[in-house]
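A.B. asks: Counting the sequence shown from 1 gives a position; my numbering is that position plus 12.
Glycine included, each C-beta is placed from N, C-alpha and C at the ideal position.
What you are looking at is a predicted structure, and each value in this text was computed from that prediction instead of being measured.
Handing you a structure now.
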Amino acid sequence: MVFGIFKKKKKTVEDYLNDKNILELILNDHKDCILDFTYNFIWQSNFDIKSEVQNGISYEKLVNHIKNPENVVYINGDVGHRFCSSMGADLKYFGGSGGKIQTGTVIVDGNIDTRFGISMVSGTVYLNENFKLKEPIGNIIEVESDILGYKKYISITELMESETKEKVLKPNVFKNNELILNDNVIRDTIGARIENGSKITVNGNVDLSTGILMKNGTVIVNGKAGKNTGSVLRGGTVIINGNTGDFTASDMISGTIIIDGNAGKFLGSKKKKGAIYAKDGSAIPPLKKQSLNSKDKEIISKNGFFGEFVKFQ
């Protein structure tokens, strides 16, 4: 018997690009914030979206091009930090709905620097296997590629919410709408904007903004987390089985955050509603430590916790 006879044949990149609407970008040196839908958080920076990445191609033109799911951006050269940040987010700041939109495909023949795909919710990125991806990465995961010689990355959020399921690579596991990340890759913004109640378990550490803008879902981290855990959480549950960095639950709107450890300083800055439970932490007034009532104890026991927790309210 010949094993692998039914394995899906991969296309060449040339075949894939045939008849596609391609915007080509040739980089002599790496540039940050390419295809960053927030334009480096333009509402709090001086970023000029009309400045050119390359002659005749501005940051704005790149983003507008990839907003068509049939389009392709081909990049030859190294890209910098925050590549494809918030890709697929229909941001209200720019007149959008605040939800998600489908986006196109990016092909990179070059290295990718840190924070690639933070808060990314749609789109596909292919990276030439001869080049490297630097951690931490964002809300992305490698799946089985259909292009010869290229690795394929998609948004974790899209993986969890899409009807067409991609094949997740070992040692990660995706089954029954639950994703278990075992690859020890350090990620930011895991579970960004999830709405369908999916569950993500991370066996390892994470970095910034776990569960950011999540509406309905569960993210469990069996390790420590970085700053801004549960930032702008809009529902669902974030559980960290370890300590977090500072600014946990900043701008939190609703939902539940459980920290089986120290939740850091500046906890709950500008928090509106929702519940924060932790072993310890230093909250921003008017939040303060409170003893658990019977309802609080029921919530933490339901999530498998007992012992000396406090509520920050």
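1) Tell me which residues share the same chain as K179 and place their Cβ nearer than 7 Å to its Cβ, disregarding the 5 neighbours each side in the sequence.
2) Going along the chain, which residues of its own chain have a beta-carbon closer than 7 Å to the beta-carbon of I38, five neighbours each way excluded?
3) My guess is that G108 and G129 are in contact by the Cβ rule of under 8 Å, so how many angstroms apart are they, rounded?
4) Looking at the strands, I want to know which residues DSSP matches up with S210.
5) In angstroms with no decimal places, state the Cα-to-Cα distance between F95 and K291.
6) Run the CB neighbour count on V185, radius 10 Å, all protein chains shown included, and call it buried at 16 or more, exposed below.
7) Within the same chain, show all residues whose beta-carbon is closer than 7 Å to that of K277, passing over the 5 residues directly before and after it, in chain order.
8) Going by DSSP, what residue range makes up the beta strand (DSSP E) through I270?
9) Could you give the distance in angstroms between the alpha-carbon of I168 and the alpha-carbon of N253?
10) Put T169 into one of helix, strand or coil per three-state DSSP.
11) Taking one C-beta from the segment 188–196 and one from the segment 220–227 each time, how about it: are there three or more such pairs within less than 8 Å?
12) Looking only at its chain, what residues have a beta carbon closer than 7 Å to the beta carbon of K314, apart from the 5 residues adjacent to it on each side?
13) Report the option in L145, E64, G209 whose CA atom is closest to the CA atom of I153.
14) Cutting at 7 Å between CB atoms, please list the residues of its own chain near Y3, excluding the five before and the five after it.
C.D. replies: Looking at the coordinates:
1) Translated into the one-based positions of the sequence shown, residue 179 becomes position 167. Same-chain partners within the cutoff: V155, E156.
2) Residue 38 sits at position 26 when you count from the first residue of the sequence shown. Contacts found: Q66, N88, G89.
3) Locating residue 108 in the sequence shown gives position 96, where the first residue counts as 1. Locating residue 129 in the sequence shown gives position 117, where the first residue counts as 1. Contact flag wrong, Cβ pair sits at about 19 Å.
4) Translated into positions along the sequence shown, residue 210 becomes position 198. G229.
5) Residue mapping note: residue 95 aligns to position 83 of the sequence shown, counting from 1. Residue mapping note: residue 291 aligns to position 279 of the sequence shown, counting from 1. Each residue's alpha carbon lies about 36 Å from the other.
6) Locating residue 185 in the sequence shown gives position 173, where the first residue counts as 1. Under this definition V185 is an exposed residue.
7) By 1-based counting over the sequence shown, the position of residue 277 is 265. Cβ within range, chain order: D258, S294.
8) The residue labelled residue 270 in the question sits at position 258 within the sequence shown. It spans 266–274 - the beta strand (DSSP E) in which I270 sits, taken as one unbroken run.
9) Translated into the one-based positions of the sequence shown, residue 168 becomes position 156. Translated into the one-based positions of the sequence shown, residue 253 becomes position 241. C-alpha separation (whole angstroms): 21 Å.
10) Within the sequence shown, the letter at position 157 stands for residue 169. In the structure shown, T169 sits in a helix (DSSP, three-state: H, G or I).
11) Result no; under three Cβ-Cβ pairs closer than 8 Å.
12) In the sequence shown, counting from the first residue as 1, residue 314 sits at position 302. Hits under 7 Å: none found.
13) Counting from one through the sequence shown, the residue named residue 153 turns up at place 141. For the residues L145, E64, G209, the minimum Cα distance to I153 belongs to L145.
14) Examination of residue 3 is not possible in this model, given that the chain is present from 13 through 325 alone.
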